[in-house]
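Be aware that the sequence shown starts at 7, since it is given in the numbering used here, and climbs by one per residue. The beta-carbon is built from N, C-alpha and C at its ideal position, and this holds for glycine as well. For clarity, every value in this text was computed on a predicted model and none was experimentally measured. Accompanying notes for the structure given below.
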Amino acid sequence: MKTSALTSISMYMLPVTILVILGAGLKRKVRIFDAFTEGAAEGVSTVIRILPSLVGILTAIGVFRASGALDAIVGLLTPAASLLGIPAEAMPLVLMRPVSGSASLAIVSDIIGKYGPDSYVGRVVCTMLGSTETIFYTLAVYYGSVGIKNIRYTLAAALIADGVSAAASAFICALVFGR
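Next up, the structure:
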């Protein structure tokens, strides 16, 4: 069986990287296993520090979706979104993407199952999924891991950027694929 060069590179990249790291450690006379266990201990302490934030976010997502609040907010925001060219079917993704990556993926999967991957809505939600971020999760993980409590303007700036990305996704898809 003939494999492409890219496939061969992909197969050997991780083992070669590990060997290079081990080789560099041995050359510099670093106690590799001790450095590894020290890093693992730091990782565990980071997980313990951010776990409450993650549990809170995941619980809030479940309550938000199950309560029907998501559908109510989608109904309120759909007229404004249509002015920006965002299809009504994409609004659940616009609202959930800043909160949860897995919920966003489930929404995209539902939309693609209903409308198809080559539909305008399918293309828009796939573009949105790739051009927006799980803001609340990211802020909880990164700021929580370093102990920052005051995020100042980060959240507002990130939400504005996310909204611009969602509108740009719809605009670009309309421009490239048509409605």
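**OP:** Could you say if the stretch 114-121 and the stretch 131-145 meet the contact criterion of at least three C-beta pairs nearer than 8 Å?
**Re:** Touching, yes, given that three or more Cβ pairs across the two stretches are closer than 8 Å.
Original post:
Is the stretch 75-91 close to the stretch 169-176, with three or more CB pairs under 8 Å?
Top reply: yes
Subject >> Environment of isoleucine 201 [buried if 16+ CB atoms lie within 10 Å] >> reply: An answer regarding residue 201 cannot be provided, because it is not within the stretch 7 to 185 covered by the chain.
Original post:
In chain order, what residues of the same chain have a beta carbon less than 7 Å from the beta carbon of isoleucine 67, not counting five sequence neighbours either side?
Top reply: Working through the sequence shown from its first residue, we reach residue 67 at position 61. Here the set comprises Val105, Ser106, Ala109.
Subject >> Option nearest aspartate 77 by Cα separation, candidates Ala96, Ile63, Ile92, Ser59 >> reply: Working through the sequence shown from its first residue, we reach residue 77 at position 71. Ranking the options by Cα distance to aspartate 77, first place goes to Ala96.
**OP:** Classify leucine 57 as buried or exposed, calling it buried when 16 or more other Cβ atoms lie within 10 Å of its own Cβ.
**Re:** Locating residue 57 in the sequence shown gives position 51, where the first residue counts as 1. Exposed, by the Cβ-count rule.
**OP:** Could you say which of Ala94, Thr52, Val69 lies nearest to tyrosine 126 if we only look at CA atoms?
**Re:** Taking the sequence shown and counting its residues from 1, the one referred to as residue 126 is at position 120. Nearest option by C-alpha distance: Ala94.
**OP:** Indicate the three-state DSSP secondary structure (helix, strand or coil) for lysine 35 in the structure shown.
**Re:** Stepping through the sequence shown from its first residue, residue 35 is reached at position 29. Note: lysine 35 maps to coil in three-state DSSP.
Original post:
Alpha carbon to alpha carbon, how far is serine 137 from leucine 82?
Top reply: Numbered from 1 along the sequence shown, position 131 holds the residue referred to as residue 137. Numbered from 1 along the sequence shown, position 76 holds the residue referred to as residue 82. Rounded to the nearest angstrom, the two C-alpha atoms are 24 Å apart.
Original post:
Which residue from Leu60, Arg103, Lys35 puts its Cα closest to that of tyrosine 149?
Top reply: What you label residue 149 is simply residue 143 of the sequence shown in a count that begins at 1. Comparing Cα positions, the closest option is Leu60.
Original post:
With burial defined as no fewer than 16 other Cβ atoms inside 10 Å of the residue's Cβ, what is the status of threonine 23: buried or exposed?
Top reply: In the sequence shown, the residue the question calls residue 23 occupies position 17. It is exposed - the Cβ of threonine 23 has fewer than 16 other Cβ atoms within 10 Å.
**OP:** Specify, as a first and last residue, the run of the alpha helix (DSSP H) that proline 98 falls within.
**Re:** As a working mapping, residue 98 is identified with position 92 in the sequence shown. Counting along the chain, the alpha helix (DSSP H) containing proline 98 begins and ends at 97-102.
Original post:
Is it the case that the Cβ atoms of proline 141 and alanine 164 are separated by a distance below 7 Å?
Top reply: Along the sequence shown, read from residue 1 onward, the residue named residue 141 stands at position 135. Along the sequence shown, read from residue 1 onward, the residue named residue 164 stands at position 158. The sequence as given places isoleucine at residue 141; proline does not occur at that position. Going by C-beta atoms, isoleucine 141 is nearer than 7 Å to alanine 164.
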